[in-house]
Each structure stands twice: as C-alpha cells, then as structure tokens.
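A short worksheet on the structure shown next.
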Amino acid sequence: MTKALPQPPEGHCFHCLQPLPKDGGYKVTVAGQSQAVCCYGCQAVAQTIEEQGLLHFYQFRDTSNPLQVPLLPEELQQLEAYDQKDLQEQFTQVDDAGMRSTTLSVEGMTCAACAWLIEQQLMRLNGVHNAQVNATTERVSIRWDEQQVKLSSLLQEIAGLGYRALPFQAATQEQDFKRRRRYFVRRIGIAGLATMQVMMIAVALYFGMVDELDDNLRQFFWWISLLFATPVLLYSAQPFYLSALRSIQARQLNMDVPVSLALLSAYGASAYATVINAGEVYFESVSMFTFLLLVGRYLELLAKQRAIATAANLVKLLPATAQREVAPGQFESVAVSKLNVGDVVQVLAGQTLPADGELLSHETEINESMLTGESVPVLHQQGSQVLAGTLNQTQPIRVRVSATQQSTVMAKIAALQDQALANKPRLAERAERLANQFVKQLLILAALTFLVWSFIDPAEAFWVTLAVLVATCPCALALAAPTAVTGVIHRLNRYGIILRNTDVIETLREVKTVVLDKTGTLTSGQFALSERQYPNGNAERADSLAKALESYSEHPLAEPFKALDLDSAKLQLDDVEVHLGAGISATWYASPSADPVKVRIGAPRFIGEWIAEVTEQSEANVVLATESEVLAFYKVEDHIRDDALSTLNQLREQGFELIMLTGDKYANAKRVADQLNISTFKAECLPADKLAYVQGQQQHGPVLMIGDGINDGPVLAQADVSMTFGQAADLARQAADVVAMRNEFAAVAQLITHTAQSQRILRQNISWALVYNLGIIPIAVLGLVTPYIAAIGMSISSLLVLANSLRLYRAPKDAR
C-alpha cells in the first residue's frame, strides 16, 4: 500500500506550496489521491513526477518552509539540462530542413517489443518526425523539430515507459557496458550456485538414491531446494519479468512472456508441492532455466558490445583539449568543444587532430587508419583537407578549423554507423514479426496442451504444459537476425566500408548488373593537365580565367585548374552558374571599364552550343570560350585505379554484368573500357542520361550503381543499391547506401563477398531456429520432454545461433 504523502497547509498548492486561487485552482491525482494545485504548470509537473515514479520528491520534502522547497526533482532538472544549446552542440546535428537529430542510449531494452513500444510512443508526439529504435544496440535515433518539442520532453517520455534514455556518449559507453556486465554476472553467479546445489539434490531424488529414506527427509530436501531456488526466482530472473511486463504494455508479446510464465508456474507448483508434501518439484528446472537464459543474454551483450565498438571508438579518438593560436607563435590550451570554425590550432607530431580543417603548414604525413582502415600514412600538402581523429606523424603542423564536433567527417561516419544499426533489413524485420507471432501461437498451444492432458492424465498436465512453454520459447529465432546484422556491420567496418542502409544485405543477393561511373570511380580521380592550346596566344589570361571559373566547381576535373600558380582573385565574375555534367558559365569583366562578356568552361559539347567548330572529336576534353571565340583547349587526364582490373575480373567470374556510364568523350571512354575489358559502355552522358539508363536496366532486375561525383547523385539515389567512396562529393555520399572510406575500388568485391556471407548466416540462423522450434513442438506436446531437459534444449539452440553469428566477428585474413 502506498504511503500517504505529506500534505501542504490547508488552502495551499500541493506542488509549489503557494496559496491556491479563489476558485480552488486545478486538480491532479498523485499516488491515488486527488490534490489541489494552483495552476496548469504545477498540474503538469506533478503529473510528470507521478508518471516518472519520483514520488520520493513529495515524501521527503519539508512542507513547513515553501521557499526552500525546489519545484522540480533533481532527476527532472538533469533532463532539462539537455535543452541547453551549448550542450546539444556536442551530441546533436541540424539538417538542411532545420530539424535536429541525435542518438540516445536506452537502458532496459531486451527485444523488438521494447523497440516497438518506444517508437510508437515517440511518434505520437507533435514535432517528432522520425524515431528508429534498435533493440540490439539499445539505441534510439530521433529527428525532431525543436520549435515544437524539447529534447527533455523526449527523454521524459521514454522514462515514463520504464526505460532510462540519455544522449549517446561514446566516452561513457565502456563504463555502461561494464556496469551491465556486472548486472548480469551477479545474477548469473547466484543462479549458477543455486543450480549446482539444487541439481545435486535433484539427481539424488531422480535416481532413487534416497528411496529408502522416509518422507520427512525427502520433504527436507525439497525445502532446501526451495531455499536455494527462491533468490534465483526473485533476483536472478528479474530481467525476464520486467521485459515481459513491458511487452504486455506494448501489446507486442515477446519471448520473455512464456519464460516468465514458465518460471513462476514451475516455482509456484513446486513450492505448493513442498508445503503439502505431495506431488512433484522442479526447482532444478527453475534454477537451470534461469541460469542458461542469463548466460545466453550475457553472451548476446558481449556480441552487441563488439558490434558497436568501432563507432564508439571513433568518437573516443578525439583529444579533450587543443592548442589554439592566439598570436603568431603563441598558443592557449582550450577544450575541443570550445573550438570554432576559423580558429587555427597547432598539432604536434604524434598527436591526434581535434577538428577537421585546412593544412596551413607545408606538408606532413597523417595516419588515417582509424577512418579508412588503411595503415599506410597519407602525405598531405599545404591547402589539403585534414580530418579530426587522424594522427599527425611527422612534424608540428598548423590547421585552420573548418568543422568541429558533430560536423566533422568522423562524427558523420559514426552517425552513418548508428543509422545502419538502427535500420533493419527486410528479412530481419520478418524474423522479428515471426518471433512475436510465434509467442502468441505458443501461448495458445500451451493452453490447448493443458486442456488435452487434463483429460489424458491430470497429474501430468501441468508439467507437460510447462515443458512446452520452455522447450518452444523462440529465443533462437529472436537472436537470429540481430546478431547476424550487427556482425556484418562489424566485419565491413574493418574494411572501412560503412553501410547507411542495411537493406543492402538482402538486395545485393539479387543484383546481377553493376553500373559504373568512370571518372573518380574506375580511374583514380587524380587529374593533371597534359596538354594546353591557346588559339589567340594569351595563355596567362586564359589560365587565370579558367582557374577563377573552376574554383566554383567540385568536379574532379576542376582540381588541376585550382592548383595553377596564378592570381585569379582580381578577376571579376558575375552570374556564375554550375551546369551539372556540362560545365560552368559566367559573365566576365576583363577590366572595370570593359563591357561584360559571357564565358564558359566545360565539355566540348557545352561550348559547341556557342561555337559549332568545337567538335566532339577534339582531343581536348575541357574548353574555355566566349560566345565568339575559343580561348583555350585543355586535355585533362587521370589513370586507371591499380585494383580496378582485378576487381572487375572477380565480379565477372561471379556472373555480374558490367556497364560503364561516363560524361567523358567517346574516345576517352573507349580507351578505359578497352583496358578494363568492359564491353558495354556509354559515353557523353548527362546526369539525366545516366538516370534514364539505370531506370531502363531496373526493368530487368536490381542494379548496383557505383559513382562519386555531384552529377552521380540522382542516379545513386535511383539505383537499388548504390556505393561511393570517402573522397566523393558530399551529394554522392548523402545519396549512396554504402560509403567506402578507404577510397579503394576493391571495396566493391569486399562488400559483395561479406554481405553474401552474412546473408547465408542469417538464413542459417532462421532456418535452424524454425527447425528446432517446429521440431520440438510435437515431442513436448506428447510429454516426452521433462522441463529441465527442455531448458537445456532451448538454451543450446540459442547458443548455436549466437555462435554461428559470431563467425562474422572474426578478423578477416585480408583485412588490414
């Protein structure tokens, strides 16, 4: 019975203890009692305190001194702290639509029913645009409008369901796992010790070692067994009861419902038999069942930890402080969270970069293995982009900060991994639905079994029903998909391959057509100017104008022009427009008093719209021109990736059809296609042409598209599976399902190989779980399985599934 709460002086608000208004104010029910409050705010806070189970706030306050009583419990005050803008910058992101998003760690989730409950509750709130929950990693990805709902409200909503949610902090992830391991180890220890003691007694009773003893001694052994089994039921089995209650609340029955029923029923019946000294006891089944289930949960926890360790370790790489430049040669130590865009920081040799930025020093070698998986240091020169979390190896450098905290590439990679873990492939979703449906059918089957056996042999009806509940518990089916999915994500991360969409795992199995971009995909994307021609002879003016125009482009072909050692800053350009897949146009003023001149730089066909003499057969692939004359012809070339031919040969051996699409000229496209033995290719493609071609190919089956440029964004979004590289344009990375951070073409074959292996393991898991559960049903229903044998069988089934998935966590032989 709930203890009566201390009451305020008569005529005062129950919550804030201030005088009530003349009309009596509002009413609120707290601890089953109707209380008067002065305003709607006090009513809302009191309801929240009631819902969060924080009634101790009212029980231990001093109502005699209203001025010294806080209006909010400490727990709620802590949640409201997360609404502060400065704090949110450390763990949230804001997208182009102005929506804020973050990832929360949730304690207490055990299955898909928990995830379903949290998702449904959050999606009911105004302002929440998306909520994805993954019970395997115990994380929630939320996207919301902060103008309509506060983060503290979201945290309080989750807390009202009985879960504790806080912003995911990788730095505390290890401590959280240690605490949860201790949580399971304590319960496993008690269950294990009790099981050993009870089993010794049970063996003696089962095998007739005490038959010659009187009933009083037998009952004494039963009481001893009851003594050992009680802490197992009341303490060790707590996680199953809490999970079952939550699933019933969610109206999505999970496997812990039959588990809890079996444990409570077996213990209750055995305790009753002990008291009346008649019947059968199965205390050893209660203890063993609990022990084996807890061991399975503990192993599952370890698998989860390994699955998300890569993403967590990324964020932990960031240093806590940075050396910010305050004057030439003078630096101050500041927290990394205090860095701003534009700050200049010093990073000594052997130190980790605290933020993304532009290298101001001449050159240095940087180890980027923590992002790409590639252990060979990368040489960076002045002006190049360097990334947070990477290791400066050779000499002290100065870096101008361009992105901090959640805006860094490293934080975005971690967010991609969280997104992949939050999403579930279609086969995994079907397995979860099947497991939930199986629980409902199991409960119906158990009821029918009890009814039938009540007529056959009433004395055995209860124990046969108990064996059915235990033996057919779909633990293995519930573990089949999540463990395999997290395993393949872990495996691909070792190769620097990030999945943004886990449907890739299933879709790739059906793909037989691979469409490839040329520039930056099959070729290295490291362009150089190999030939230049200037029809009017003014080379410096043409090159300066070309550099100024190309400075507006992110296309790989623009990089050699940006690197020209010329001063183009004084050139006046207006109305600059980037034409995807074609080039750049602008209005150019040759001098302050000169008339405006329209200029273009880009593909020959783009210039050909002005000057017909510029033919597609020209050796140049970049042309600079005005409306009346050509200012320069440029030939920009790069080389084929070293691993492109071997990877394509491997794909051909696996039966994939290879097609190359490029916006480059036919002659250049044919040269690359011949070198790589690609028989089907299409040159001079605009973005719309690539999109239409892939749509046509999709009429015959799923398509894998690989590209890296801005102009590849639409076709990457259209393809059934799309892949790009870490150095690709932002638009390409946002549109692609898979990002290869190593920037190696061999990642394509690695992706296909390992997703295929995970698909096989996933299907093996589901097949085994179904075979076991369907096969054990008739045996259990016929009464051929005792409860403790059923517990062993169920546990072995779950451990087999877990062990099969753990094969994906083994380090690949060719991973570097």
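Okay, so the sequence shown: first residue is 320 according to my numbering, each after it adds one.
We put the CB at the ideal spot given by N, CA and C, even for glycine.
If you're wondering where the values come from, they're calculated on a predicted model, not measured in any experiment.
- For the options L612, L678, S584, the alpha carbon positioned closest to that of T784 is the one of S584.
- Note on F1000: 16 or more other CB atoms within 10 angstroms of its CB, so buried under the neighbour-count rule.
- Where G587 is concerned, there is no enclosing beta strand (DSSP E), although the alpha helix (DSSP H) around it starts and stops at 575-595.
- For S562 and E878, the gap between their C-alpha atoms comes out near 57 Å.
- Rounded to the nearest whole angstrom, the CA to CA distance from T709 to T640 is 15 Å.
- Secondary structure of M1060 (DSSP, three-state): coil.
- Sequence-distant partners of T713 (beyond 5 residues in either direction) whose C-beta falls short of 7 Å from its own C-beta, in its chain, are A668, T683, E684.
- The C-alpha of E457 lies about 14 Å from the C-alpha of L798.
- In the three-state reduction of the DSSP assignment, P338 falls in the strand class, which pools E and B.
- Take E1063, set aside five residues on each side of it, and the residues of its chain with a beta-carbon closer than 7 Å to its own are D962, in chain order.
- Per DSSP, the unbroken beta strand (DSSP E) holding V653 starts and ends at 649-654.
- Annotation for Q1016: T832, V1022 place their beta carbon closer than 6 Å to its own, counting only its chain and skipping 5 residues before and after.
- Partner residues in the beta bridge of R643, as assigned by DSSP, are E651, V664.
- Only exposed fits T348, as fewer than 16 other CB atoms lie within 10 angstroms of its CB.
- The three-state secondary structure of L678, taken from DSSP, is strand.
- Sequence-distant Cβ neighbours of L444 in its own chain, meaning closer than 6 Å and more than five residues away, are V468.
- In the three-state DSSP reduction, N1092 falls in the helix class (H, G or I).
- In terms of CA proximity to A1099, C792 leads the group D464, L621, T421, C792.
- The three-state secondary structure of Q467, taken from DSSP, is coil.
- Taking the CA atoms as reference points, Y871 sits about 15 Å from L883.
- In the three-state DSSP reduction, K984 falls in the coil class, being neither helix nor strand.
- R828 is a Cβ neighbour of Q1078, given a cutoff of 8 Å.
- With a beta-carbon spacing of about 6 Å, K866 and L885 fall inside the 8 Å limit used to define contacts.
- If you draw a straight line from the Cα of E850 to the Cα of L811, it is about 41 Å long.
- Nearest neighbour of V949 by Cα position, chosen from S472, T593, A861, G446, turns out to be A861.
- Selection C335, T981, I1080 evaluated against K1009 yields T981 as nearest (Cα-Cα).
- Assigned with DSSP and collapsed to three states, A323 falls in coil, not helix or strand.
- In the DSSP assignment, Y908 falls outside any alpha helix (DSSP H) and lies within the beta strand (DSSP E) extending over 902-908.
- In the structure shown, the three-state DSSP call for G708 is coil.
- DSSP places E869 in the uninterrupted alpha helix (DSSP H) bounded by 858-869.
- Note that the segment 834-841 does not touch the segment 911-921; fewer than 3 beta-carbon pairs, one per stretch, sit closer than 8 Å.
- In the three-state reduction of the DSSP assignment, T840 falls in the helix class, which pools H, G and I.
- Note that the C-beta distance between E779 and G1102 is below 8 Å.
- Residue pairing by DSSP places E457 opposite no residue, since no beta bridge is assigned to it.
- In this structure the segment 642-650 does not touch the segment 579-593; the number of beta carbon pairs closer than 8 Å is below three.
- Using a Cβ-Cβ distance cut-off of 8 Å, the segment 902-911 and the segment 968-983 are not in contact, since fewer than three pairs of beta carbons, one from each stretch, lie closer than that value.
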